[in-house]
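J.: Residues in the sequence shown are numbered from 353 upward in steps of one, following the numbering used here. Ideal placement from N, C-alpha and C gives every residue a C-beta, glycine not left out. The model shown is predicted, which means the values in this text are computed figures rather than measured ones.
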Amino acid sequence: MRLCIDWGNTRVKAAIFQDEKLVKDFNLSEDEALTQLMDIIRTHEPEAGILCSVSNHPPELKVLLQEHMQLVILNSNTPLPIMNAYHSPDSLGADRLALAVAANNLYPQHNNLVISLGTANTYNFLPQNRAFRGGNITPGVELRFRALHEFTDRLPLVSKEGDLVLLGYDTETSIRSGVLMGIAAEIDGMINFYREQYPELNVVLTGGNAPLFADKLKNRIFADSQLLLKGLNTILRHNVR
């Protein structure tokens, strides 16, 4: 058994894998993640694990994991089954690497564009030659709502939940439709930009906000909510035999 942990900006996810099979996945509370991870370790007894962290995790997390398994901490120096052609590898989010690895493993011999919709929206391009090139980063859903509220005097903080109409009939619905429909248009537009240069393009949508947009896009896409965890498992298998 292998344990994969995705410690994100707003969510902590984990999964147990047996070879390439995802046995069970977990959504953890950041405040109780250490206790919950210890329960997972006791139950499943993983021999190896991998940690992908894009935010400040508790310092005792690394110690806890190393006491119970062989641990890989994903960073720019971790051996990968793809090449990393990013010009500033030390500044590249480990989550973006894991997404590229997952796409390459699931859709080999394709030009892959992985779109992850979370705190930030990231567009991650991996061409057929398996050299990760980079992509694009834009503000995510919650960041856009907060920016409209915090950088203006009178606009309210709006939730993504509620009426979504093309023609906003009040300030709340105008903001919601502007943000959500704007992101949907952004995604379709970015896909079209990439397809102009890479006609044979495979597009995968993932991330916590992906369900908001999967059925709103004009372009054909694959949706995979566990893509990052699958990528972590592939990297772990590459490093620990």
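Measuring alpha carbon to alpha carbon, tell me which of 586, 355 and 576 ends up nearest residue 468.
T.: It is 576.
J.: So residue 368 packs on residue 398, CB below 8 angstroms; how close in whole Å?
T.: Confirmed, about 7 angstroms.
J.: Near residue 561, what residues of its chain come up, given a Cβ to Cβ distance below 7 angstroms and the 5 sequence neighbours on each side ignored?
T.: Around residue 561: 469, 470, 492 and 493.
J.: Along the chain, where does the alpha helix (DSSP H) that runs through residue 381 open and close?
T.: Note, residue 381: premise wrong, no alpha helix (DSSP H); not H, not E.
J.: Counting along the chain, where does the alpha helix (DSSP H) carrying residue 438 start and finish?
T.: Taken as a continuous stretch (DSSP letters only), residue 438 belongs to no alpha helix (DSSP H), as it is neither H nor E.
J.: Mapping the DSSP letters down to three states, classify residue 558 as helix, strand or coil.
T.: In this structure, residue 558 counts as strand in the three-state DSSP scheme.
J.: I need the DSSP call for residue 549, collapsed to helix, strand or coil.
T.: In the structure shown, residue 549 sits in a helix (DSSP, three-state: H, G or I).
J.: Within the continuous alpha helix (DSSP H) that includes residue 589, where are the two ends?
T.: From DSSP, the alpha helix (DSSP H) with residue 589 extends over 579-591.
J.: Okay, do the segment 382-389 and the segment 409-418 touch, 3+ Cβ pairs below 8 angstroms being the bar?
T.: They touch, by the three-pair rule.
J.: Along the chain, which unbroken stretches of the alpha helix (DSSP H) at least 4 residues long are found entirely within the segment 417-493?
T.: DSSP runs (the alpha helix (DSSP H)) wholly in the segment 417-493: 446-458.
J.: Closer than 6 angstroms by C-beta to residue 589: which residues in its own chain qualify, once you throw out the five before and the five after it? Chain order, please.
T.: Excluding positions up to five away in sequence, the list is empty.
J.: Taking the straight line between their C-alpha atoms, what separation do you get for residue 524 and residue 583?
T.: Between residue 524 and residue 583, the C-alpha separation is close to 38 angstroms.
J.: Taking the straight line between their C-alpha atoms, what separation do you get for residue 433 and residue 499?
T.: Each residue's alpha carbon lies about 38 angstroms from the other.
J.: Is the Cβ-Cβ distance between residue 556 and residue 464 less than 8 angstroms?
T.: Yes, the Cβ-Cβ distance between residue 556 and residue 464 is below 8 angstroms.
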